[in-house]
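Protein sequence lines correspond, in order, to chains A and B. For the first sequence, this note's numbering begins at 41 and goes up steadily by one. For the second sequence, this note's numbering begins at 108 and goes up steadily by one. Glycine included, each C-beta is placed from N, C-alpha and C at the ideal position.
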Amino acid sequence: MLRKRVIGILPLRDDVVVQSFGFARWLPVGAPEISAEYLDRWGIDEIVLVDIGASARGDSIDPLLVERTARRCGVPLAVGGGVSSVAQARDLLKAGADKIVLNTAAVENPTLIQAIADAFGEQCVIIAIDTVRNGYGRLSIRSAKGTFDTGPASWLRQAQQMGAGECLLQAVDRDGMRTGLDLEMARELASFARIPLIVASGIGHPRHVLEGLELDGIQAVAVDNFLFHTEHSVTMLKAWLRRSGCDVRLDTPFDYRQHDYDARGRLRRLGEEATTQRWLERLEARR
Amino acid sequence: MTANRSKADVTSRPEFFGDAAFRRVALPVTTFAPIALPEREKGATLVERAIVVDYGLGNLNSVVNALGRLRVAAEVSCDPDTILRAEALILPGVGAFGRAMSNLRDGRLEDLLSEAVLRRKRPTLGICLGMQIMAESSSELGSHRGLGWVSGQVSRIEGPARLPVPHVGWNEVAASPQSILFSGIPSTASVYFDHSFALAQCPDQVAQCDYGGPFVAAIERDNLMAVQFHPEKSQLAGQRLLANFLSFAARHPVN
Numbered sequence: 041m042l043r044k045r046v047i048g049i050l051p052l053r054d055d056v057v058v059q060s061f062g063f064a065r066w067l068p069v070g071a072p073e074i075s076a077e078y079l080d081r082w083g084i085d086e087i088v089l090v091d092i093g094a095s096a097r098g099d100s101i102d103p104l105l106v107e108r109t110a111r112r113c114g115v116p117l118a119v120g121g122g123v124s125s126v127a128q129a130r131d132l133l134k135a136g137a138d139k140i141v142l143n144t145a146a147v148e149n150p151t152l153i154q155a156i157a158d159a160f161g162e163q164c165v166i167i168a169i170d171t172v173r174n175g176y177g178r179l180s181i182r183s184a185k186g187t188f189d190t191g192p193a194s195w196l197r198q199a200q201q202m203g204a205g206e207c208l209l210q211a212v213d214r215d216g217m218r219t220g221l222d223l224e225m226a227r228e229l230a231s232f233a234r235i236p237l238i239v240a241s242g243i244g245h246p247r248h249v250l251e252g253l254e255l256d257g258i259q260a261v262a263v264d265n266f267l268f269h270t271e272h273s274v275t276m277l278k279a280w281l282r283r284s285g286c287d288v289r290l291d292t293p294f295d296y297r298q299h300d301y302d303a304r305g306r307l308r309r310l311g312e313e314a315t316t317q318r319w320l321e322r323l324e325a326r327r
Numbered sequence: 108m109t110a111n112r113s114k115a116d117v118t119s120r121p122e123f124f125g126d127a128a129f130r131r132v133a134l135p136v137t138t139f140a141p142i143a144l145p146e147r148e149k150g151a152t153l154v155e156r157a158i159v160v161d162y163g164l165g166n167l168n169s170v171v172n173a174l175g176r177l178r179v180a181a182e183v184s185c186d187p188d189t190i191l192r193a194e195a196l197i198l199p200g201v202g203a204f205g206r207a208m209s210n211l212r213d214g215r216l217e218d219l220l221s222e223a224v225l226r227r228k229r230p231t232l233g234i235c236l237g238m239q240i241m242a243e244s245s246s247e248l249g250s251h252r253g254l255g256w257v258s259g260q261v262s263r264i265e266g267p268a269r270l271p272v273p274h275v276g277w278n279e280v281a282a283s284p285q286s287i288l289f290s291g292i293p294s295t296a297s298v299y300f301d302h303s304f305a306l307a308q309c310p311d312q313v314a315q316c317d318y319g320g321p322f323v324a325a326i327e328r329d330n331l332m333a334v335q336f337h338p339e340k341s342q343l344a345g346q347r348l349l350a351n352f353l354s355f356a357a358r359h360p361v362n
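Right under this line is the structure:
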C-alpha cells in the first residue's frame with residue numbers, strides 16, 4: 041500500500057532556515073544542513089528546501105548549499121527558489137537534489153514546466169501553488185511577482201498538462217497561524233487532480249495533519265513551523281498519527297508508541313515514579 | 108573551594124557527573140533497531156570502491172552520498188577500463204528511457220556495459236531508470252529498444268481512473284525470502300518510489316510492488332541486480348539494501 045507522506049519544508053532566507061508567518065515575517069531556526077539531518081534522523085518522508093527570497097532577489101537557490109544539505113539527507117530532497125531555467129535545474133540535480141520546485145518562474149512562463157519535465161522527467165517537477173483568499177473568499181494565486189486573478193484550480197489544470205509531477209499547495213493566510221489546513225481548497229483541487237497533491241500551511245496540532253491525510257485525493261501533508269524547535273518532532277507526530285489510525289511510515293529505531301499525548305498533541309510527561317520504574321525495567325531487560 | 112580545584116578537572120565537579128538529579132533525568136536509550144547494517148565483525152565486509160556509471164542522466168550525487176554513508180568510495184565514471192575492472196557497478200537513472208538509451212549509444216557505453224556485466228560478470232545494481240533500460244523495450248515517449256539483458260517490456264502505470272501518476276512515495280515491497288538484496292529487511296519496511304513507468308513482469312523478479320496493478324520492484328540474476336525504487340533515498344531500508352549488494356560484491360570477486 042502506498043503510504044501517505046509527512047513532508048518537511050525548510051524555508052530559507054539568506055541561507056538560514058526560518059519559521060514563516062504569513063509569508064511576511066520570519067524567525068531564524070538554523071543551518072539547512074543540520075535541520076535536514078535532524079528531520080532525516082527522526083524519520084521524515086521527504087524534505088522540501090525552498091529559498092523564499094530568491095525570486096525577489098532575481099537569483100536562484102545556491103547549488104553549493106544544496107550539495108551540503110543533500111550530503112546529510114537520506115530521504116528525497118526537493119529544492120526550489122527562483123529556478124527559472126533548465127540549466128539551473130540541471131545544476132541543482134547534479135548537486136544532489138532529487139526534485140525541482142517551480143513557482144514564480146512557472147507562473148510567468150508555464151512552458152518552463154514542460155522544458156524541465158522533458159529534460160529530467162515529470163517525476164522531477166513539483167509545482168508550488170501559493171494561494172490567497174480575498175475578502176469574498178475567492179482564491180487567487182500569489183507568486184513573488186504579485187497576486188494574479190487566476191484561481192488555483194485552473195492553474196493546476198494547466199500545470200498538469202505541462203507535465204508537472206506533483207503539486208505543493210500552500211495558503212498564505214494560514215502560514216504560521218496554526219489554525220489548520222485549508223481543507224476546502226484541498227478538496228476542490230483533489231476532485232480533479234491527476235497528479236499527487238501535497239497540502240501545506242497551518243499545522244498547529246497533529247490532528248491538522250490527520251485531517252489533511254484523511255482526504256481522498258491528498259497524498260501528503262507538508263509541515264514546516266510545527267516541526268521546528270522540538271526534539272524528535274517528526275517521530276512524535278508520526279506516532280500520534282499511527283495511534284489515530286493513519287498508516288504513515290514509522291521505522292526509526294526509537295519510537296513513541298508507548299507514550300501518551302495530551303490535548304495539545306504534545307508528549308505527556310511521565311511522573312517521576314513511572315520514569316524510574318521504566319528505567320529499572322530496561323536495566324533488568326539488558327542484564 | 109574553587110581555588111583548590113584545577114579548571115581542567117571538570118569530571119570531579121558534581122554538576123557534571125555523579126549528581127543524583129542529573130542521573131534521574133537522563134533516560135536510557137532503547138536498543139530496538141529493526142533494520143541494522145550487516146555486522147562487520149561477523150565477516151560481512153563491503154567492497155571498498157564502487158563505480159557509478161555516468162551516462163548523462165541520473166542523480167549521481169545522491170548515490171555517491173549514500174555510498175559515503177556506508178564508508179564506500181564511489182567513483183563516477185564512463186571510462187572503459189574503470190568499468191571493465193569494477194568491483195561493483197551501479198547504474199543509476201532518472202529521466203526518460205529514450206534519452207538514456209541514446210546517451211548510452213552515443214557514448215559507446217552499450218557494448219561496454221554488456222561486456223562488463225554479461226561477459227565479465229561484474230556485480231551490478233541498476234536503480235530506477237537504470238533497471239528499466241535493462242529490459243527489452245519501453246513505450247515511454249515512443250517505442251524504444253532497451254539493453255535486453257532481462258526480458259520484459261516497460262509501460263506506463265495505469266490504474267483506476269483517478270490514480271495519480273507518477274507513483275511517488277513510500278510503498279511496501281513483497282520480496283522473496285531467498286533475495287540477497289532484501290536480507291535483513293523486514294517485510295513491513297517501505298522504500299521510496301518515484302516513477303511513471305514500470306516493468307510489468309520479468310522472470311528474474313525477486314520483489315513485487317503494487318500500484319495500479321503489480322509490477323516488478325526488484326530483479327536478481329547471478330551478478331545482475333536491479334531495483335525500481337531508490338535505495339539511496341530510502342533511509343535505513345535502502346542503506347541496508349545497498350550494504351547487501353556491496354557485501355555480495357565483496358563475497359563474489361571477479362578478476
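Straight-line Cα distance separating residue j from residue i
i                 : j                 : result
Leu198 of chain B : Gln317 of chain A : 52 Å
Ser258 of chain B : Val46 of chain A  : 37 Å
Pro310 of chain B : Gly320 of chain B : 17 Å
Ala129 of chain A : Met208 of chain B : 22 Å
Arg156 of chain B : Asn168 of chain B : 15 Å
Val56 of chain A  : Arg111 of chain A : 17 Å
Ala350 of chain B : Arg215 of chain B : 30 Å
Lys134 of chain A : Asn166 of chain B : 7 Å
Ala325 of chain B : Phe352 of chain B : 12 Å
Leu267 of chain A : Leu196 of chain B : 38 Å
Val274 of chain A : Leu89 of chain A  : 16 Å
Ser341 of chain B : Ile181 of chain A : 34 Å
Gly121 of chain A : Pro51 of chain A  : 9 Å
Ala296 of chain B : Gly93 of chain A  : 38 Å
Pro135 of chain B : Gly163 of chain B : Low confidence applies to Pro135 of chain B: its pLDDT is 34, below 50, so where it sits in the model is not reliable enough to give any reading.
Arg81 of chain A  : Gln346 of chain B : 13 Å
Tyr301 of chain A : Ser284 of chain A : 11 Å
Own chain partners of residue i with C-beta closer than 6 Å, once the 5 adjacent residues on each side are dropped
i                 : result
His299 of chain A : Leu307
Lys139 of chain A : Ala118, Cys164, Ile166
Ser113 of chain B : Confidence is the limiting factor: at Ser113 of chain B the pLDDT is only 47, short of 50, which leaves the residue's position unreliable, though a coordinate-based value still follows. Excluding residues within five positions, none has a Cβ falling inside 6 Å.
Glu73 of chain A  : Arg108, Thr109, Arg112
Gln210 of chain A : Asp170, Ala240, Ser241
Gln312 of chain B : Val323, Ile326
Ser191 of chain A : For the sequence presented, residue 191 of chain A should be read as Gly rather than Ser. These residues qualify, in order along the chain: Leu179.
Phe294 of chain A : none
Residue i classed as buried or exposed, judged by whether at least 16 other C-beta atoms fall within 10 angstroms
i                 : result
Val361 of chain B : exposed
Asp170 of chain A : buried
Asn143 of chain A : buried
Asp116 of chain B : With a pLDDT of only 49 at Asp116 of chain B, under 50, the local geometry of the prediction cannot be trusted, and the value read off the model is given with reservation. Result: exposed.
Met41 of chain A  : exposed
Gln335 of chain B : buried
Thr270 of chain A : exposed
Pro284 of chain B : exposed
Ser124 of chain A : buried
Endpoints, alpha helix (DSSP H) assigned at residue i
i                 : result
Lys134 of chain A : 126 to 135
Val196 of chain A : Before going further, note that residue 196 of chain A is Leu rather than Val in the sequence given. Segment 192 to 202, the alpha helix (DSSP H) holding Leu196 of chain A.
Val90 of chain A  : Per DSSP, Val90 of chain A belongs to no alpha helix (DSSP H); it is in the beta strand (DSSP E), 86 to 91.
Leu79 of chain A  : 72 to 81
Val107 of chain A : Note that residue 107 of chain A is Glu in the sequence shown, not Val. Note, Glu107 of chain A: alpha helix (DSSP H), 103 to 111.
Pro51 of chain A  : Here Pro51 of chain A belongs to no alpha helix (DSSP H); instead the beta strand (DSSP E) covers 45 to 53.
Glu339 of chain B : Premise fails: Glu339 of chain B is in no alpha helix (DSSP H) and is neither H nor E.
Proximal residues to residue i (C-beta, below 8 Å), its chain only, five neighbours per side dropped
i                 : result
Gln260 of chain B : Ala242, Glu243, Ser244, Ser245, Ser246, Leu306, Ala307
Leu191 of chain B : Leu219, Glu222, Ala223, Arg227, Arg229
Lys380 of chain A : Limits of chain A in this structure are 41 at one end and 327 at the other, which puts residue 380 of chain A out of reach.
Val288 of chain A : Arg43, Lys44, Arg45, Val46, Asp85, Leu253, Lys278, Leu281, Arg282
Contact set for residue i: own chain, Cβ-Cβ below 7 Å, skip 5 residues either direction
i                 : result
Glu228 of chain A : Ala193
Leu67 of chain A  : Val58, Gln59
Gly257 of chain A : Ala230, Ser231, Ala233, Leu237
Ala203 of chain B : Glu247, Leu248
Val154 of chain B : Val179, Glu194, Ala195, Leu353, Ala356, Ala357
Phe129 of chain B : Any reading at Phe129 of chain B must be qualified, since the residue scores a pLDDT of 36, below 50, and its modelled position is unreliable; the value itself is stated next. Same-chain partners within the cutoff: there are none.
Gly205 of chain B : Glu247, Leu248, Gly249, His251
Cβ separation of residue i and residue j, assumed to be a contact under 8 Å, to the nearest whole Å
i                 : j                 : result
His337 of chain B : Cys235 of chain B : 6 Å
Pro150 of chain A : Ala199 of chain A : 7 Å
Phe304 of chain B : Ser262 of chain B : 7 Å
beta-carbon residue i near the ligand NAP non-hydrogen atom, thresh 7 Å
i                 : result
Ala233 of chain A : The ligand NAP is not part of this structure, which contains no ligands at all.
Span of the beta strand (DSSP E) around residue i
i                 : result
Glu182 of chain B : 180 to 184
Thr219 of chain A : First-last for Thr219 of chain A: undefined, no H or E at that position.
Phe160 of chain A : From DSSP, Phe160 of chain A is part of no beta strand (DSSP E) but of the alpha helix (DSSP H) over 151 to 160.
Asn278 of chain B : 274 to 279
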